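Following: one structure in structure tokens, then a few remarks.
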Amino acid sequence: MSEITREPSRFGVAVAAGFALLSVAATAVVVPTGGAVSGLGLVVLLAGLAVASRRLITNGGGVLVLGALYAGYTGAPPLLVLVGALTGVLAWDAASNAVSVGEQLGRETDTMRGETVHVVSSVLVGSLAVAIGYAVYLAAAGASRSRRCSCWWSALSRW
Numbered sequence: 001m002s003e004i005t006r007e008p009s010r011f012g013v014a015v016a017a018g019f020a021l022l023s024v025a026a027t028a029v030v031v032p033t034g035g036a037v038s039g040l041g042l043v044v045l046l047a048g049l050a051v052a053s054r055r056l057i058t059n060g061g062g063v064l065v066l067g068a069l070y071a072g073y074t075g076a077p078p079l080l081v082l083v084g085a086l087t088g089v090l091a092w093d094a095a096s097n098a099v100s101v102g103e104q105l106g107r108e109t110d111t112m113r114g115e116t117v118h119v120v121s122s123v124l125v126g127s128l129a130v131a132i133g134y135a136v137y138l139a140a141a142g143a144s145r146s147r148r149c150s151c152w153w154s155a156l157s158r159w
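Under the working numbering, the residue at position 34 of the sequence shown is numbered 34, and the numbers go up by one with no gaps.
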């Protein structure tokens, strides 16, 4: 019987890295400085996955979210900020899950099905939260816009 390799699962590492890259891209598109902050979070998260350190993974995920928040503070569109923050949280979640699965079952075990269910569930819950947050933003910030549009439309229809 061979020894279990207690390292993060390969699938979980790939998913976490993908989400972290999406977070960096979402923030760097509009605010390069926010992208640089998120890039630092990506490096810390990947280092945490390399040494299976929950502390580094948590710090990396936090810096990814901080990069998205900085982008929002400097004027990035709200939807990009929400996507950047969501993918940062998803990267942290996938990385933490990869470490847990690796510690419990080992790297050699096929865990793709269970991790896929975990990731899809997290994406659905996070997407719902982003949709609600964006709807609240549109309702609050768009109220004056919708009044202007309705006034403009009524003026145009009288023409």
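Idealized CB from N, CA, C, for every residue including glycine. All values reported here derive from a predicted model rather than from experimental measurement.
Indicate whether E108 and A52 have their beta-carbon atoms separated by less than 8 Å. Counting from 1 along the sequence shown, the entry for residue 108 is found at position 108. Counting from 1 along the sequence shown, the entry for residue 52 is found at position 52. Their beta carbons are not under 8 Å apart, which means E108 does not touch A52 by this criterion.
Integer Cβ distance of L86 from V130, believed to fall under 8 Å: Your numbering for residue 86 matches position 86 in the sequence shown. Your numbering for residue 130 matches position 130 in the sequence shown. At roughly 5 Å, the Cβ-Cβ gap stays under 8 Å, so L86 and V130 are in contact.
In angstroms with no decimal places, state the Cα-to-Cα distance between L22 and I4. In the sequence shown, counting from the first residue as 1, residue 22 sits at position 22. In the sequence shown, counting from the first residue as 1, residue 4 sits at position 4. Those two C-alpha atoms are separated by around 32 Å.
Suppose you measure from the CA of E103 to the CA of V119; what does that come to, to the nearest Å? Within the sequence shown, the letter at position 103 stands for residue 103. Within the sequence shown, the letter at position 119 stands for residue 119. Answer to the nearest angstrom: the Cα atoms are 18 Å apart.
Exposure label - L156; buried when at least 16 CB within 10 Å: Within the sequence shown, numbered from 1, the residue matching residue 156 stands at position 156. Below a pLDDT of 50, predicted positions are generally treated as unreliable, and L156, at 44, falls in that range; no measurement from the model is reported.
Sorted by chain position, which residues of the same chain lie with C-beta nearer than 7 Å to V101's C-beta, five sequence neighbours on each side aside? Taking the sequence shown and counting its residues from 1, the one referred to as residue 101 is at position 101. Here the set comprises S9, G12, T111, E115.
Reducing DSSP to helix, strand and coil, say where S23 ends up. As a working mapping, residue 23 is identified with position 23 in the sequence shown. Helix.
Quick check on Y73: buried or exposed, where buried means 16 or more other Cβ atoms within 10 Å of its Cβ? One-based indexing of the sequence shown puts residue 73 at position 73. Around the beta carbon of Y73, a 10 Å sphere encloses fewer than 16 other beta carbons of the protein chains shown; the residue is thus reported as exposed.
In this structure, does DSSP put P32 in helix, strand or coil? Position 32 of the sequence shown holds residue 32. It is helical.
Taking its Cβ as the centre, do 16 or more other Cβ atoms sit within 10 Å of L90, making it buried, or is it exposed? Counting from one through the sequence shown, the residue named residue 90 turns up at place 90. L90 should be labelled buried.
Considering only the alpha carbon of each residue, which of L56, L49, Y70, A47 lies closest to A36? As a working note, residue 36 is residue 36 in the sequence shown. For A36, the nearest C-alpha among the options comes from Y70.
Apart from the five residues just before and just after F19, which ones in its own chain have a Cβ nearer than 7 Å to its Cβ? To locate residue 19, count along the sequence shown from 1; it is residue 19. The residues are T87, L90, A91, A94.
Residue span of the alpha helix (DSSP H) that contains E68, given as start and end: Against the sequence shown, residue 68 aligns to sequence position 68. Residue identity check: residue 68 is Ala in the sequence provided, not Glu. Its alpha helix (DSSP H) spans residues 54 to 73.
Go ahead and pull the three-state DSSP assignment for I4. Taking the sequence shown and counting its residues from 1, the one referred to as residue 4 is at position 4. DSSP places I4 in coil when its eight states are reduced to three.
By a C-beta neighbour count over all protein chains shown, 10 Å radius and 16 as the cutoff for buried, is I57 buried or exposed? In the sequence shown, counting from the first residue as 1, residue 57 sits at position 57. The residue in question, I57, is buried, as its Cβ has 16 or more Cβ neighbours within 10 Å.
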